[in-house]
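Notes follow the structure.
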Amino acid sequence: MDFVAFGLIIDDIVFPDGRTAMGVLGGGGPQTAFGMRLWAEQVGLVGGIGADLPAEALAWLKSSGLDTTGLRVSTQWPTPRAWQILEADGRRTQLWRVPGPAIGAQLSRRLEYLPDNYRQAQGFHLGVHPEDPDLDFIKALRAYGAVVSIEPFRPAARPLSEAELRALLSAGQIFSPNEGEAASLVGPAEPLELVRRLVAAGAEVVALRQGERGATVHRADTGETWHIPPFETQVVDPTGAGNAFCGGFLAGWVQTGDVRLAGLYGAVAASFLVEQVGLPGVETRRGEEARRRLTVLQAGAIRLDK
């Protein structure tokens, strides 16, 4: 196993213009796994599903090339499902459509949920609540010898103490917030200052996601910092692009140890996610197109620490 992602939700999306898309496979895990799978052969997905998983979602999972032995099928609980209400200014509001106990049961993460071969993965990516980041689970993943990448599910709901912040930022080797999430942790600032503050508080590798403005990536050991441009394409739905970026970034970092290339891998993965509602269809030529997009983007990466 190369990489593992966590979590699966069925999204019912309401767009700013009132259009809807119901029963979309989401939740971060499939999107992250897509970003990983673009660059790696063996990618696993861990999560809980019910017998109500939509047929279209099941079909995508079966045809995606992902290893799905990490998916647990419950006879007691439904598949996690939520409204995703998108605003014109980019804000997103999530409203759960299933009972609270089902959310906890289906989205909980335990080591015993990992098939044996998943424990040999080179990298894991997971989302966390900033105030309760499940540090013991992350520590256990790192004990397998893997690289662990973390993204916040949302901005912090309260200020974190200095100790809490350091524990969060140093839990995994990679920390990838968006600008709003970063500002909630270290205060509002320009991207480079956000990165500087995150590193000062304990982060090793930072991938600051900036939506349509790309990303700023940094490694603390050398100070190397790059602005990664987005790939120019028709944006239909940005939902899940950040997750795909995280999956691609992790794959690139593990495979190359090059923070610039890792950022470019992430940007390419994100570019596929925005081109339709939900996940891209399975296409045999996507690897070739990914390499083409990587070549196009390389010239636009700008080093910021020189």
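If you count the sequence shown from 1, position 38 lands on 305 in the working numbering, and the numbers rise without skipping.
Using N, Cα and C, we set each Cβ at its ideal position, and we do this for glycine too.
Excluding the 5 residues flanking residue i on each side, which residues of the same chain have their C-beta closer than 8 Å to its C-beta?
| i | result |
| --- | --- |
| A456 | A450, R464 |
| G490 | D572 |
| T287 | D279, I280, V281 |
| Q477 | N445, E446, P458, T483 |
| I277 | G290, V291, L292, G293, G294, L320, P321, A324, T346, P347, R348, A349 |
| Y380 | V313, G337, R339 |
| V535 | L305, F498, G515, A557, R560, L561, L564 |
| F512 | G302, S443, A474, R476, A482, G533, A534, A536, A537 |
| A470 | L436, S437, F442, A487 |
Identify, in the order they occur along the chain, each residue of the same chain with its Cβ nearer than 7 Å to the Cβ of residue i, setting aside the five sequence neighbours on each side.
| i | result |
| --- | --- |
| I569 | W493, H494 |
| A508 | A537, L540, V541 |
| P283 | L353, E354, A355 |
| V365 | P345, P347, R348 |
| D319 | P345, T346 |
| Q501 | E542 |
Roughly how many angstroms separate the alpha carbons of residue i and residue j, rounded to a whole number?
| i | j | result |
| --- | --- | --- |
| G294 | Q373 | 12 Å |
| S428 | G548 | 43 Å |
| W327 | V313 | 15 Å |
| G524 | V472 | 11 Å |
| Q215 | G367 | Residue 215 falls outside the range modelled here, since the chain spans only 268 to 573, and no answer is possible. |
| D488 | L571 | 15 Å |
| L531 | Q565 | 7 Å |
| A407 | G285 | 44 Å |
| A413 | G274 | 19 Å |
| W306 | R560 | 13 Å |
| L393 | T336 | 18 Å |
| D279 | E555 | 32 Å |
| L338 | G317 | 10 Å |
| S416 | I441 | 4 Å |
| A482 | G371 | 32 Å |
| A272 | G332 | 14 Å |
| E418 | V395 | 6 Å |
| V340 | G315 | 6 Å |
| D403 | L362 | 28 Å |
| L436 | A410 | 17 Å |
| T562 | T360 | 35 Å |
| G567 | A369 | 45 Å |
| L358 | P505 | A quick correction: the sequence has Arg, not Leu, at residue 358. Cα to Cα, the separation comes out at about 11 Å. |
| L546 | K329 | 13 Å |
| P426 | L432 | 9 Å |
| V462 | Q351 | 29 Å |
| T430 | P382 | It is Ala, not Thr, that sits at residue 430 in the sequence shown. Answer to the nearest angstrom: the Cα atoms are 33 Å apart. |
| I405 | Q522 | 21 Å |
| R550 | F270 | The question names Arg, yet the displayed sequence has Glu at residue 550. For E550 and F270, the distance between alpha carbons rounds to 20 Å. |
If I'm right that residue i touches residue j with Cβ under 8 Å, what's the distance once you round it to whole angstroms?
| i | j | result |
| --- | --- | --- |
| A424 | S443 | Between S443 and A424 the Cβ distance is about 19 Å, and since that is not below 8 Å, they are no contact. |
| V453 | A438 | The pair is not a contact, with the Cβ atoms about 16 Å apart (cut-off 8 Å). |
| T232 | G533 | Since the displayed the chain opens at 268 and closes at 573, residue 232 lies outside it and no answer follows. |
| E460 | R421 | Rounded, the Cβ-Cβ distance is 22 Å, inconsistent with contact. |
| E479 | P496 | With a Cβ gap of about 10 Å, E479 and P496 do not count as contacting. |
Could you pull out every residue in the same chain whose Cβ sits closer than 6 Å to the Cβ of residue i, ignoring the five residues on either side in sequence?
| i | result |
| --- | --- |
| A499 | The amino acid at residue 499 is misidentified as Ala; the sequence shows Glu. Hits under 6 Å: none found. |
| V466 | A487 |
| N510 | G295, Q298, T299 |
| M268 | Q309, G311, N384, Y385, Q387, A388 |
| Q543 | V503 |
| L378 | A407 |
| V526 | V484, R486, E491 |
| L528 | G519 |
| D334 | G311 |
message: Closer than 8 Å is the cut-off here; do at least three beta carbon pairs connect the stretch 500-519 with the stretch 387-401?
response: yes
query: Taking only runs of the beta strand (DSSP E) that begin and end inside the stretch 340-407, which ones reach a length of at least 3 residues, in chain order?
result: 348-353, 359-363, 390-395
Sufficient close CB pairs (3 or more, under 8 Å) joining the stretch 302-311 to the stretch 397-408: no
query: What are the start and end residues of each continuous beta strand (DSSP E) run of 3 or more residues lying completely inside the stretch 421-509, in chain order?
result: 472-476, 482-486, 492-495
- prompt: Where are the beta strand (DSSP E) runs, 3 residues long or more, that stay fully inside the stretch 271-321, in chain order?
  reply: 276-281, 287-293, 310-317
query: Enumerated in chain order, which unbroken segments of the alpha helix (DSSP H) with a length of 4 residues or greater are wholly contained in the stretch 508-554?
result: 508-523, 526-540
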